[in-house]
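In terms of our numbering, the sequence shown opens at residue 507 and continues consecutively.
Read through the structure below, which is laid out as structure tokens, and then see the notes.
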Amino acid sequence: MANHTSSSQASGPNGAPAAAFPASYSAQLATEVTDPGGRAHVVERFRTQGIRLPTFAELADPTLIDPDVDTALADVDHDFADPLNLFRVHWYNDGVGGRTDVPEHVVLPSELTGTPAKVVVLFGNRFPMIGAHKVLAAYSCLAPRVVSGQFDPTRHRAVWPSTGNYARGGVAISRIMACRGVAVLPENMSRERFEWLERWIADPADVIRTPGSESNVKEIYDACAELEQDPGNFILNQFSEFSNHIGHYEVTGAALLAVFEHLQQGAPAGSELNLAAFVAASGSAGTLGAGDRLKDAHGAQIVAVEALECPTMLYNGYGEHNIQGIGDKHIPLIHNVMNTDVIVGVSDHATDGLGLVFNTEAGRDALREHLGAASWVLDDLGHFGYSSICNSLAAARAANELGLGPDDVVMTVATDGFEMYFSERERHLAERHGDSFDAGTARSIIDRHLAPDARSDDAPHIEVLSDRGRDRIFNLGYYTWVEQQGIPLDDFEARRDQAFWDSLRGLPQLWDDMINDLNDEVAATFV
């Protein structure tokens, strides 16, 4: 991972000057054009391709999007590599090309969650092109590099290290910008991810399969270190790009707040809801940035989740698991650990089993008959991929651990839907159930993972963090980022202070100014 010697300054959350960013982070947090030649190439490329970039403000509130863009979008397929689909990289899609007034979501009933608290899940499979919210992370990471001129689409390959969805999102964004995108992901990820990549990438060499599965993130870093030897490769590491955190703080955080306000407006007279917690699997830790926004706005607690088979945060542990989308065995650089309140462990036996229950006729019948689940919620369960099931289970368990009641709201996201995992379903059916899955088998999985008396088995795998617990988890990051990746110790330590994270809050507005300047210059070339 390259280090940089320049520094950058941004406005704080109230417009006040913020301290200069640590040197090793300054390039990715640039607030001015740092490579005029690269930016000139961006302007020319965008002119020839008809590309206009959305601002972070427009993605956070799509009503701000130019009506002419909205009109043009009506003729653009939601899943095509069309530049206008950049204006669909937000939470307000209906999944077929339209836009909703409120992000689509479900409030899971207590029959499924076992908690009186309201567990609210936003649907990530409404995002364009990849059917997952990681396309937002990819755009958030690339846009600041483009407008500063650092990323030159005429000479750089965009390299997207990932355990699946982020790489797909990056490839989609790269193709829209008419540059090469390189997907780096473990070889054992779901077949659907690789089939999607085969459709979107012209050169098979641009899909790099690293050893292992979900838990083998270091192998991804090692591959990127080798690729970085070629100056034509531009590594956009979601685990260390702070714009991933910033994009979710700004865009996903705003979407969650809009849903909470919608729920509050629909609450019975005299009832006031409390936004008690935000829950997300760690993964790159980008989505957890939305929790920082909810804590700033409502004091919500932030709950980070990991697989019990690889309990890095809970037990300094290791292992391998199949909750695809939450790579681990390290602490991401962009995880604001010192602002995290609770850690929850969820077993991949639960997510694998419930994936079968939620996506088979026998399983849904068992949910209806055994738990009394209503048809309307059963119809929504197909929108939950493995990490989405993980997030929802963790939300319910955290709500019980925290003693939350019916006026408390716990929010989370369904990163993707089950469309990416049908091959995994068939594999699990064959390996664990002999290709036979009946109501009795479904009921046993429900009893083990959803029934209230089963949930108590997971209580030992929840930790409400003290300052000592936060320090312990923060310190684990040293081994990845200082010893392996070469981040200076002082820069690593800067993240322990919330003032560092507060200094990031003014960046979206500054980047939006740069995006508008670029769009104006691109448009001017048509004259």
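In this text, a Cβ means the ideal position worked out from N, Cα and C, and glycines have one as well.
Since we're looking at a predicted model, the values are computed, not measured.
Just to confirm, are residue i and residue j a CB contact at a threshold of 9 Å?
| i | j | result |
| --- | --- | --- |
| L559 | N981 | no |
| Q744 | Y672 | yes |
| M844 | R976 | yes |
| L956 | L860 | yes |
| R681 | A587 | yes |
| T846 | A810 | yes |
| A729 | G759 | no |
| S788 | D834 | yes |
| V919 | G630 | yes |
| L820 | F784 | no |
| D997 | S530 | yes |
| Q991 | S749 | no |
| N739 | V915 | no |
| A578 | G753 | no |
| S898 | V627 | yes |
| I840 | H939 | no |
Residue i bridges to which residues according to DSSP?
| i | result |
| --- | --- |
| T716 | P692 |
| R605 | N599 |
| G543 | DSSP output for G543 lists no bridge partner at all. |
| V613 | V626 |
| I679 | Note: I679 sits in no beta bridge, so no partner. |
| L781 | V915 |
| G851 | E812 |
| N739 | R663 |
Where residue i and residue j are concerned, what is the direct C-alpha to C-alpha distance, given to the nearest angstrom?
| i | j | result |
| --- | --- | --- |
| G923 | R632 | 9 Å |
| V757 | G772 | 23 Å |
| G776 | H768 | 16 Å |
| E812 | W987 | 20 Å |
| W1007 | F527 | 10 Å |
| P994 | G792 | 22 Å |
| R545 | V652 | 7 Å |
| F562 | V595 | 10 Å |
| A786 | K724 | 21 Å |
| N842 | R661 | 34 Å |
| A945 | Q1015 | 53 Å |
| L614 | E969 | 24 Å |
| K825 | D736 | One point to set straight first is that residue 825 is Gly, not Lys, in the sequence displayed. For G825 and D736, the distance between alpha carbons rounds to 32 Å. |
| E932 | L800 | 38 Å |
| A782 | Y598 | 23 Å |
| H967 | G637 | 31 Å |
| A708 | G655 | 25 Å |
| V850 | G1012 | 31 Å |
| D885 | A1005 | 44 Å |
| G911 | A623 | 5 Å |
| T818 | F552 | 43 Å |
| G601 | R974 | 43 Å |
| S881 | C647 | 39 Å |
| T537 | W1017 | 7 Å |
| S962 | E907 | Caution is warranted here: a pLDDT of 47 is assigned to S962, below 50, making its placement in the model unreliable, and no coordinate value can be reported. |
| F657 | T540 | 10 Å |
Reducing DSSP to helix, strand and coil, say where residue i ends up.
| i | result |
| --- | --- |
| P667 | strand |
| M917 | strand |
| S962 | Low confidence applies to S962: its pLDDT is 47, below 50, so where it sits in the model is not reliable enough to give any reading. |
| S517 | For S517, the predicted model reports a pLDDT of 45, less than 50, meaning its position is unreliable; a value from the coordinates is still stated below. Here S517 sits in strand by DSSP. |
| I968 | strand |
| G789 | coil |
| K624 | strand |
| H841 | coil |
| I895 | helix |
| E925 | helix |
| T511 | Annotation note: pLDDT 32 at T511 (below 50); position unreliable, no value reported. |
| P1014 | helix |
| V582 | coil |
| A810 | strand |
| G487 | Because residue 487 is not part of the residues shown, which for the chain are 507 to 1033, the question remains open. |
| G687 | strand |
| A536 | coil |
| A638 | strand |
| P774 | coil |
| A880 | coil |
| S530 | helix |
| A525 | Caution applies to A525, whose pLDDT of 47 falls short of 50 and renders its modelled position unreliable; the model cannot decide the point. |
If I'm right that residue i touches residue j with Cβ under 8 Å, what's the distance once you round it to whole angstroms?
| i | j | result |
| --- | --- | --- |
| C896 | T857 | 5 Å |
| K640 | G675 | 4 Å |
| A879 | L618 | 6 Å |
| Y927 | Y892 | 6 Å |
| H584 | G556 | Wrong, their Cβ atoms sit about 18 Å apart, outside the cutoff. |
| V713 | A689 | 5 Å |
Under a CB-based cut-off of 9 Å, is residue i close to chain B?
| i | result |
| --- | --- |
| S893 | Protein chains in the displayed structure number just one, and chain B is not present. |
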